[in-house]
Amino acid sequence: MMNRSNSIVNLFYQFKGNNSFLKTPSSYFQFGLGFGPHYSFSASLIHSNSSSNAHNDIHPQSIYQKINNLDDALNLFDQMTQRQPLPSIIKFNQLLQSVTKMKHYSHSLQIFKQMCLLRVPVSVYTISIVIKCCCQLHRTKDGFAALGFCFRQAIVPNVFIFSTLLDGLIIEDRILEAEIFFKKLIKKKLCEPDVVMYNTMIKGLCKISNNVIAISLLKLMDERGCKPNVVAYNTVIDSLCKDRLIDDAFNLFKEMVFDKGIKPNVITYNSLIDGLCKLGRWDETPKMLQEMLDDGISPDVLTFNILIDAHCKEGKVKEAEDVINIMLKRGILPDLVTYSSLIDGYCLRGEMSKAKSVFDSMAIRGTFPNIVTYNSLLNGYCKNLKIEEAMNLFHEVTIKGLKPDVVTYNTMIQGLFRVGRCGDARKLFDEMLAKGLKPNEYTYRIILEGLCNNHKIEEALSLFHLMGDGKLNSDIVVYNILIDNAGKFGKLDIARVLFQDLTSKGLHPDDQTFNVMISGLCREGLVRDAKQLFLQMAESGCSPNNVTYRLLLQGYLRNQYYDDVEMLLHDMDGRGFSLDASTVSLFLDKIAAGSLDTTLLELIGNLVPKELMDGPSFFA
DNA sequence: ATAGGGTTAG
1 MMNRSNSIVN LFYQFKGNNS FLKTPSSYFQ FGLGFGPHYS FSASLIHSNS
51 SSNAHNDIHP QSIYQKINNL DDALNLFDQM TQRQPLPSII KFNQLLQSVT
101 KMKHYSHSLQ IFKQMCLLRV PVSVYTISIV IKCCCQLHRT KDGFAALGFC
151 FRQAIVPNVF IFSTLLDGLI IEDRILEAEI FFKKLIKKKL CEPDVVMYNT
201 MIKGLCKISN NVIAISLLKL MDERGCKPNV VAYNTVIDSL CKDRLIDDAF
251 NLFKEMVFDK GIKPNVITYN SLIDGLCKLG RWDETPKMLQ EMLDDGISPD
301 VLTFNILIDA HCKEGKVKEA EDVINIMLKR GILPDLVTYS SLIDGYCLRG
351 EMSKAKSVFD SMAIRGTFPN IVTYNSLLNG YCKNLKIEEA MNLFHEVTIK
401 GLKPDVVTYN TMIQGLFRVG RCGDARKLFD EMLAKGLKPN EYTYRIILEG
451 LCNNHKIEEA LSLFHLMGDG KLNSDIVVYN ILIDNAGKFG KLDIARVLFQ
501 DLTSKGLHPD DQTFNVMISG LCREGLVRDA KQLFLQMAES GCSPNNVTYR
551 LLLQGYLRNQ YYDDVEMLLH DMDGRGFSLD ASTVSLFLDK IAAGSLDTTL
601 LELIGNLVPK ELMDGPSFFA
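Mapping the first sequence onto the UniProt record's numbering, position 361 (from 1) lands on 361, and the numbers just tick up by one.
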């Protein structure tokens with residue numbers, strides 16, 4: 001027993017990251033959770049049988065779990081605290097749970113604190129709810145502190161508590177620590193993981209796209225006598241789909257169904273259908289839907305949203321409307337996501353009046369626009385340069401009692417920059433800060449790109465330097481924007497410095513970084529350097545894409561580096577890339593001018609995609 | 001009979 005307790009203390013030290021907690025009484029209070037020495041072990045003994053008295057109950061058993069608004073919950077809590085003796089801990093836990101289910105995590109912690117002050121004898125259930133709240137508030141640290149509290153209360157943490165903490169680490173993207181924690185729990189025999197705990201760890205691994213390890217954990221749990229269930233498989237299948245590894249996802253799906261005899265559910269199918277849609281494998285989607293129906297599984301609102309969203313993202317709003325009609329026939333109502341997708345679809349096509357009428361019809365059909373819906377329509381107006389409409393709608397947000405969020409401001413700021421209203425963009429940025437909204441990486445990218453597009457590259461650069469070495473300045477996309485624009489404004493030296501700078505910060509250039517650098521170099525006729533960079537690209541693990549080839553080919557052709565052209569074309573052919581229309585016509589010009597050998601024509605012909613061949617006859 | 005995990009979106 002002692003051994004076990006010591007291990008818990010060690011765990012608590014390790015993840016809380018503050019080794020003074022157990023030694024310094026004052027630090028008990030730093031979390032505001034009431035884990036204090038004043039709450040003694042004897043207090044829980046005094047009250048432990050306090051309220052089995054049914055005469056004290058003015059409320060029926062169920063009320064504590066059925067509360068559905070915060071004020072009622074707080075009132076009920078007040079009433080409970082007035083009673084003598086106090087209601088049982090079970091009722092307190094039920095109340096705490098209903099507040100937590102409403103996602104009022106801070107209020108749950110407040111209630112818990114008061115319970116401690118009233119010396120309600122909290123139980124392992126109470127602690128697990130409290131830890132859940134800490135974790136949901138991204139305060140996993142405090143969750144681990146509660147582990148110390150458990151220890152002093154002689155409450156033995158169980159698999160529920162450890163799973164919650166594991167999930168907390170994963171919520172905070174501390175996957176490596178989660179893995180260490182998980183392994184330690186097993187090694188020190190603090191608890192035997194059950195299916196939920198394994199699934200939580202699998203989710204963590206999937207979150208960092210570590211699908212291979214996730215699959216091996218799936219096998220491991222089976223070997224250790226814990227059968228993976230449909231949730232375990234769904235987690236990995238979804239992750240594979242998101243990483244575009246749809247064939248691996250289908251293999252796992254088959255393993256699940258045929259080898260393990262686990263029945264897929266609607267979530268399994270939703271993941272697979274979404275994966276197919278995102279890869280543009282349209283022909284397989286209806287098959288999957290049919291298979292789902294044959295399996296006796298009904299599509300839900302998510303299934304339809306996936307299909308609707310996929311169509312809308314391709315601009316196929318007509319098809320999306322058809323899906324909505326099918327959905328309605330099946331008695332499933334569109335939700336906020338459905339409408340947002342549809343609005344996005346019309347916005348993408350520039351059909352703003354249609355987008356607006358979808359928006360207006362929502363409320364009539366009983367679904368009221370939220371901030372995301374507003375953001376969709378705002379984005380549409382901004383992208384279509386209808387800034388006045390956007391401004392009017394932006395003001396409507398507050399009037400309707402909604403709060404503009406970071407995305408709202410980002411959208412508006414981008415829109416204002418697009419029409420050249422840099423000053424107004426600045427004003428909105430200040431307004432955003434004044435409202436206490438924290439700019440994110442997108443905000444910063446939008447401002448830098450906006451400044452550059454309005455020929456204010458100097459301002460962009462000084463803003464960039466002003467930001468120092470923080471998180472926002474360690475964003476590869478920011479570097480890509482600045483390098484690209486430095487190149488466009490004839491400041492290739494600055495582009496080069498930035499390129500050096502990012503590597504010295506430990507950042508890795510991505511394919512776009514190489515592309516903008518190559519583009520800058522070719523623009524200045526420095527084709528040799530561009531070629532050097534192209535070779536460096538492969539070394540650093542980035543693979544060239546269509547844009548890379550286009551830039552380099554055009555650079556070679558414009559600067560009469562004909563020797564390298566043929567090699568590059570063969571390279572493209574081998575990797576299955578194709579030429580775009582503008583590069584093809586540049587080739588034809590060069591051949592017509594006699595600069596290039598006609599023997600290249602056959603190779604070029606192989607690289608021209610079918611769509612281009614059907615058009616005006618290049619090769620007639 | 002009160003606690004922990006999985007799917008969609010800007």
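Quick reminder that beta carbons are idealized off the backbone N, C-alpha and C, glycines included.
Test item: CB-CB of residue i and residue j under 8 angstroms
i: G315; j: G345; result: yes
i: L526; j: Y549; result: no
i: L448; j: L463; result: yes
i: I175; j: K207; result: yes
i: T583; j: L603; result: no
i: S271; j: C312; result: no
i: A495; j: I481; result: no
i: D194; j: V159; result: yes
i: L205; j: L217; result: yes
i: L336; j: T303; result: no
i: D573; j: L535; result: no
i: I131; j: I161; result: yes
i: L533; j: M517; result: yes
i: F253; j: T235; result: no
i: D295; j: P264; result: yes
i: C277; j: A249; result: no
i: N515; j: L551; result: yes
i: I343; j: V358; result: yes
i: N418; j: L385; result: The question names Asn, yet the displayed sequence has Arg at residue 418. The answer is yes: Cβ separation under 8 angstroms.
i: T338; j: I306; result: no
i: C347; j: K383; result: yes
i: I155; j: V120; result: no
i: Q94; j: Y64; result: yes
i: G470; j: S519; result: no
i: L137; j: S106; result: yes
Inter-residue CB distance, residue i and residue j (contact presumed, cutoff 8 angstroms)
i: N375; j: V407; result: 5 angstroms
i: L428; j: Y409; result: 6 angstroms
i: L289; j: I273; result: 7 angstroms
i: I246; j: G275; result: 5 angstroms
i: L166; j: M197; result: 6 angstroms
i: Y444; j: V397; result: Not a contact, Cβ separation roughly 23 angstroms.
i: residue 622; j: V122; result: Any question about residue 622 goes unanswered here, given that the chain covers just 1 to 620.
i: L96; j: L118; result: Contact flag wrong, Cβ pair sits at about 13 angstroms.
i: S239; j: N211; result: 6 angstroms
i: Y562; j: L521; result: Contact doesn't hold; Cβ gap of about 18 angstroms is too wide.
i: I457; j: F499; result: Not a contact, Cβ separation roughly 16 angstroms.
i: C135; j: G143; result: 5 angstroms
i: I476; j: D510; result: 6 angstroms
beta-carbon residue i near the ligand MG non-hydrogen atom, thresh 7 angstroms
i: G468; result: Absence of the ligand MG from the depicted structure is noted, as is the absence of any ligand whatsoever, leaving it without description.
For this session: Decide yes or no for the touch test of the region 578–587 against the region 525–544: beta carbon pairs closer than 8 angstroms, at least 3 of them.
Result: As far as the Cβ criterion goes, the region 578–587 does not touch the region 525–544, which means the pair count is below three.
Exercise. Within the chosen definition, does the region 414–430 reach the region 369–384 through at least 3 CB pairs nearer than 8 angstroms?
Worked result: yes
For this session: Mind listing, in chain order, the continuous alpha helix (DSSP H) runs of no fewer than 4 residues lying wholly within the region 87–156?
Result: 89–101, 105–117, 124–136 and 140–152
Problem set entry | Ordered list of alpha helix (DSSP H) runs contained in the region 481–552, each at least 4 residues | 492–504, 511–523 and 527–539
Exercise. With contact counted as at least three CB pairs below 8 angstroms, one residue from each stretch, are the region 67–75 and the region 91–104 in contact?
Worked result: yes
Exercise. Quick one: complete alpha helix (DSSP H) runs, 4+ long, within the UniProt repeat "PPR" (229–264)?
Worked result: 230–242 and 246–254
Exercise. At which residue ranges does the UniProt repeat "PPR" (440–474) contain complete alpha helix (DSSP H) runs of 4 or more residues, listed in the order of the chain?
Worked result: 441–453 and 457–466
Exercise. What residue ranges within the UniProt repeat "PPR" (265–299) form continuous alpha helix (DSSP H) runs of no fewer than 4 residues, ordered along the chain?
Worked result: 266–278 and 284–294
For this session: Identify every run of the beta strand (DSSP E) within the UniProt repeat "PPR" (370–404), keeping only runs that are complete inside it and at least 3 residues long; order them along the chain.
Result: none
Exercise. Which parts of the UniProt repeat "PPR" (194–228) are runs of the alpha helix (DSSP H), unbroken and 4 residues or longer, counting only runs that do not cross its ends?
Worked result: 195–207 and 211–223
Exercise. Could you give the uninterrupted runs of the alpha helix (DSSP H) lying entirely in the UniProt repeat "PPR" (405–439), keeping only those of 4 residues or more?
Worked result: 406–418 and 422–434
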